[in-house]
Structure formats: structure tokens, C-alpha cells
Amino acid sequence: MGTVSVWSQRSFPEKADLVVVGAGIVGLFTALFHKRRFPAHRVLLLEQGALPDGATTRNAGFACFGSPSELLADIAAEGEAVALARVEERWRGLRELRTELGDGPIGFIPCGGNEVFLHDDLYTRTATGFDHLNDLLKGIFGRPVFTWKDDLTTRMGLRFDHLAHTELEGALDSGGLATRLLSLTRAGCVEVRTRIAVERLEESADRMMVECANGERIMAERVVVATNGWARQLLPDIDVHPARGQVLVTGPLHGTIPQGTFHAEEGFIYFRDLGDRILLGGARNLDISGETTLDDATTPMVQEHLERFLSDRILTGHTYTIEHRWSGTMGFGTGTKSPLVERISDRVVAAVRLSGMGVAIGIRVARKAADLLDGRA
Ligand SMILES: Cc1cc2nc3c(=O)[nH]c(=O)nc-3n(C[C@H](O)[C@H](O)[C@H](O)COP(=O)(O)OP(=O)(O)OC[C@H]3O[C@@H](n4cnc5c(N)ncnc54)[C@H](O)[C@@H]3O)c2cc1C
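Our numbering applies: residue 3 is where the sequence shown begins, and numbers increase by one.
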């Protein structure tokens with residue numbers, strides 16, 4: 003859509019009951035849930051990209067709730083109650099996601115999840131806390147979640163000594179997820195408009211004014227900001243900062259390649275098979291401040307680290323090419339990995355800060371945002 007004339011702006015301001023900003027998993031589900039509850043409401047979903055262009059379509063497609071070393075680090079940092087409540091939300095979220103969208107359309111594969119260990123000290127710390135972690139998780143899953151399966155590493159050609167496995171995680175097709183969710187949202191009569199960047203929100207006693215970069219102004223009863231890593235552009239005071247995640251994908255491979263999803267380094271590195279290719283991502287911890295950015299570039303420092311990891315640990319002896327590289331923007335908070343779902347004012351709800359696990363928790367964040375809108379939360 004082009005720019006808007008002053009006459010149109012003055013004479014034909016658009017009106018909506020709800021404007022949702024950002025068409026990622028959170029914005030799409032929030033708009034859909036609200037419309038289901040209030041079918042007569044006009045719900046507009048505004049997305050700056052030509053398509054949903056945030057982390058939802060740029061992630062690795064892990065349907066996961068946390069690897070052992072990551073969960074132990076979360077418990078050490080935030081305490082058992084907070085860390086376990088988050089695991090429970092992720093687990094509930096994964097099941098709700100599969101029910102809402104269906105395993106077929108999202109390409110869900112129940113391949114299990116694995117953690118491998120690069121360094122002895124992280125392995126030793128994880129092994130020390132392993133049984134206690136499993137005991138804690140029994141309260142959520144009703145059974146032990148992680149088992150040691152070191153023999154799998156050699157069977158899959160991996161160069162690691164130790165591997166912790168859970169049957170409860172899986173992989174999915176993030177493009178399929180976004181496509182399915184977008185079509186359900188449209189079928190649910192939410193008006194989705196792409197290439198519309200919201201520049202400013204202005205609140206008055208009787209309405210919100212949503213100002214878009216193309217000059218369009220929309221009057222709304224309420225607004226949900228679901229822009230995750232970009233959240234501070236519209237809500238400068240909230241605790242969310244961008245965090246870039248970088249990924250690479252190989253060309254087709256021959257011979258044995260690892261199957262399933264894998265984490266290393268407390269979740270900072272991850273890889274999985276994509277059919278006959280390997281997707282590998284992460285290593286943001288090499289340069290946390292440099293990767294605190296909205297710039298969607300890839301960098302030699304991170305990409306070279308990932309390539310070394312690939313050749314030394316995952317695909318030793320294979321000949322391959324790298325066919326794709328990309329980055330995406332996540333939203334993190336200070337000292338917490340919990341999402342921020344809050345009423346910011348009478349008319350504005352924020353549903354952001356998904357950290358690195360929005361696939362699992364996104365639908366739960368959206369439900370809470372919809373509850374806040376209709377006064378249930
Ligand atoms: C490389 C990478 C790998 C990941 N891997 C996984 C994984 O395997 N498993 C997992 O669970 N999670 C993973 N994540 C995290 C997960 O993808 C995110 O937590 C989740 O997608 C966040 O969803 P969201 O809807 O909050 O945000 P997003 O999907 O980022 O959506 C926000 C949307 O807002 C739009 N927007 C921003 N500003 C404006 C504006 N002013 N006006 C209009 N629109 C705007 C953006 O274009 C974007 O489409 C990964 C993330 C990255 C980057």
C-alpha cells in the first residue's frame with residue numbers, strides 16, 4: 003500500500019475494536035482468540051513485513067521445553083518455582099499448538115530431543131544435578147523426562163562423549179506453522195494487513211490512535227503490541243531487548259547424519275536434521291552485546307564458529323556445502339526468560355519477550371493476552 007493523502011487521513015480514519023501489531027505466532031494467535039470470543043469485533047492485524055517476518059518464520063523449528071543443562075542454569079538463576087512454571091507453560095503450549103494447528107500442517111515429527119556436551123565441566127555439573135532435575139520434572143510430566151544415551155553419539159556419527167535424551171520433544175516445519183496459522187486467522191475473519199509498520203501509539207481517554215509509517219491512522223478501542231524483539235520501538239519503557247539468532251543450513255548430505263533435535267552449551271547451540279540436510283544455529287553467547295541488535299545480518303564471527311562446530315563435531319568426514327544462512331530477532335529480558343504479558347495501560351496490552359522458545363510458549367502468551375483484553379486475567 004502507498005502513502006495516504008491528507009484528505010483521506012482526515013475524512014476516512016479507519017476504526018477497529020482491536021489492533022494487534024506484529025504477525026508472529028503471538029500476534030496471530032492473539033487476534034484469532036480475541037475474534038473467537040468477540041465475533042462482532044473488527045480485529046486488524048498489522049505486520050511490517052511482506053509476510054510474517056519475525057522469529058516465527060526464521061527459527062529452527064524445535065518443539066522443545068529446555069535441555070538439562072539449560073534447565074539447571076535457569077533454576078540456578080531464577081529459582082525452582084519460576085523455572086519449573088515456565089517448563090510447564092512450554093509443555094502445555096506444545097500440546098495446545100499441536101491441537102490447534104494439527105500435526106500434519108505444521109510438519110510435527112516426534113523425533114525426541116537431545117543434549118550433547120562440548121566441555122567436561124558442563125557435563126559434570128549437569129550429571130550432578132540430573133536426578134534431582136528429573137525428580138522435579140516428574141511433578142509436571144508424571145515420569146522421568148531425561149535419560150543418558152551416550153551410545154547414540156557414535157551411532158549418529160557425532161563427536162561427543164555424552165548425550166542426554168528425552169522422548170517428549172520434537173521438530174516442526176516453521177513455514178508450515180506460519181502458513182497454517184495465518185490461514186486460520188484469516189478464515190476467522192481477522193483482517194491481516196502486511197507491509198504496514200506501526201510507528202507510534204497515542205492514547206487518549208476515549209481511544210487509541212495507531213499511526214503507521216505510510217501516514218495511515220487507525221482509531222482503535224484497544225491495541226496489543228506483539229512485536230517481540232522490536233517492542234521498545236512502540237513501548238520504550240518495557241524490559242525487552244533484541245537478541246539476534248543466526249542459522250546455517252547445509253546442502254544435501256549422503257551417508258549417516260544425525261536425526262532429531264540437539265542442543266549444546268546450555269541451549270546456546272542447536273542443530274537438527276532437515277531431511278537430508280543439517281540446520282545449525284546459535285552461538286550468540288560469543289558476542290552477547292554485538293548480537294543485541296535489530297540488524298538482520300549474519301556475521302563472520304558467529305558463522306565461522308558454527309561452521310567449525312559442524313565440521314569438527316557433527317559432520318566429520320562428510321563433504322558438503324552451506325546453502326543457506328540467515329538471522330532472526332528474538333526478544334529477551336533482563337535476568338529472566340519469562341515472557342512479558344501485561345496490561346500497559348487501560349487500552350494497551352504487551353505480549354512480548356518470548357526468549358528462545360516462542361514455538362512452545364507462544365500460544366500460551368497469546369491466550370493470556372486475550373484474557374487480559376476481555377478482563378479474565
Ligand atoms: C534463529 C532463531 C531460532 C529459533 N529457534 C527456535 C526454536 O527452534 N524453537 C523455539 O521454540 N523458538 C525458537 N526461536 C524463538 C522463536 O522463534 C520466538 O520466540 C517466537 O517466534 C517469537 O514469536 P513472536 O510472535 O513473539 O515474535 P515474532 O515472530 O518476531 O513476530 C513479531 C512480528 O512483529 C513485526 N513487527 C515488528 N515491529 C513492527 C511494527 N512497528 N509494525 C508492524 N509490525 C512489526 C515483525 O516483523 C514480526 O513479524 C528462534 C528464534 C530465532 C531468531
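Where is the CB? At the ideal position from N, CA and C, for every residue including glycine.
Proximal residues to residue i (C-beta, below 8 angstroms), its chain only, five neighbours per side dropped
i: D163; result: F119, Y125, D152, T155
i: E16; result: L46, E218, R219, I220, M221
i: N230; result: G24, G26, V28, G56, A57, V242, T331, M332, G333, V354, R355, L356, G360
i: T181; result: P107
i: T336; result: D241, H243
i: P112; result: E169, G172
Close Cβ partners of residue i (< 7 angstroms) along its chain, the five nearest in sequence each way excluded
i: P146; result: N136, K140
i: S179; result: Residue identity check: residue 179 is Leu in the sequence provided, not Ser. L103, I108.
i: M211; result: E204, R219, M221
i: E80; result: T338
i: A215; result: A199, E201
i: T295; result: P244, R246
i: E90; result: I142
i: S340; result: V84, R88
i: V192; result: A33, L34, K37, V45, L47
i: T168; result: G114, G115, V147, F148
i: V8; result: none
i: Q305; result: Q248, L250, R327
Close-in-space but distant-in-sequence residues of the same chain around residue i (CB under 6 angstroms, 5 per side omitted)
i: D76; result: A85
i: E72; result: E268, G269
i: S329; result: R246, Q248, D298, T300
i: F31; result: I365, A368
i: A371; result: T32, V226, V343, V351, A353
i: A266; result: V118, L120
i: Q50; result: A199
i: D122; result: none
i: R209; result: M221
i: W232; result: none
Whole-Å CB distance - residue i paired with residue j, under 8 angstroms assumed
i: F334; j: A245; result: 5 angstroms
i: L281; j: A62; result: 6 angstroms
i: G131; j: L174; result: Not really, about 29 angstroms apart at Cβ, beyond 8 angstroms.
Beta-carbon gap between residue i and residue j smaller than 8 angstroms
i: L53; j: N116; result: no
i: G172; j: F273; result: no
i: F19; j: R44; result: In the sequence as presented, Phe is not what sits at residue 19; that position holds Asp. Taking 8 angstroms as the Cβ cut-off, D19 and R44 qualify as a contacting pair.
i: V34; j: L186; result: Note that residue 34 is Leu in the sequence shown here, rather than Val. Cβ atoms of L34 and L186: closer than 8 angstroms.
i: R234; j: L48; result: no
i: G382; j: A362; result: Residue coverage of the chain in this structure runs from 3 to 379, which leaves residue 382 outside it and unanswerable.
i: V415; j: A285; result: Because the chain is modelled from 3 through 379, residue 415 falls outside the range shown and cannot be assessed.
i: G159; j: P260; result: yes
i: F67; j: R92; result: yes
i: T59; j: G177; result: yes
i: T318; j: R279; result: no
i: L308; j: L250; result: yes
i: E82; j: L138; result: yes
i: I346; j: L170; result: no
Per-residue burial, residue i [other beta carbons within 10 Å of its own, 16 or more giving buried]
i: D239; result: exposed
i: S206; result: exposed
i: R161; result: exposed
i: T323; result: exposed
i: D382; result: Only positions 3 to 379 of the chain appear in this structure, which leaves residue 382 out of reach.
i: E293; result: buried
i: I290; result: exposed
i: T5; result: exposed
i: T258; result: exposed
i: A42; result: exposed
i: R315; result: buried
i: A65; result: buried
i: P70; result: buried
i: G277; result: exposed
i: G283; result: buried
i: R157; result: exposed
i: R349; result: buried
i: W150; result: exposed
i: G377; result: exposed
heavy atom of ligand 3 below 7 angstroms from residue i C-beta
i: L48; result: Looking for ligand 3 in the displayed structure turns up nothing; the ligands present are ligand 1.
Considering only residues of the stretch 149 to 190, which uninterrupted beta strand (DSSP E) runs meet the minimum length of 3 residues and lie entirely inside it, listed in chain order?
165 to 168
Entirely enclosed alpha helix (DSSP H) segments - the stretch 19 to 76, minimum 4 residues:
27 to 39
Any beta strand (DSSP E) of 3 or more consecutive residues that is wholly inside the stretch 68 to 145:
115 to 118
Complete alpha helix (DSSP H) runs within the stretch 225 to 281 (minimum length 4 residues, chain order):
Here no run is fully enclosed.
Could you tell me which whole alpha helix (DSSP H) segments of length 4 or greater appear in the stretch 286 to 365?
302 to 311
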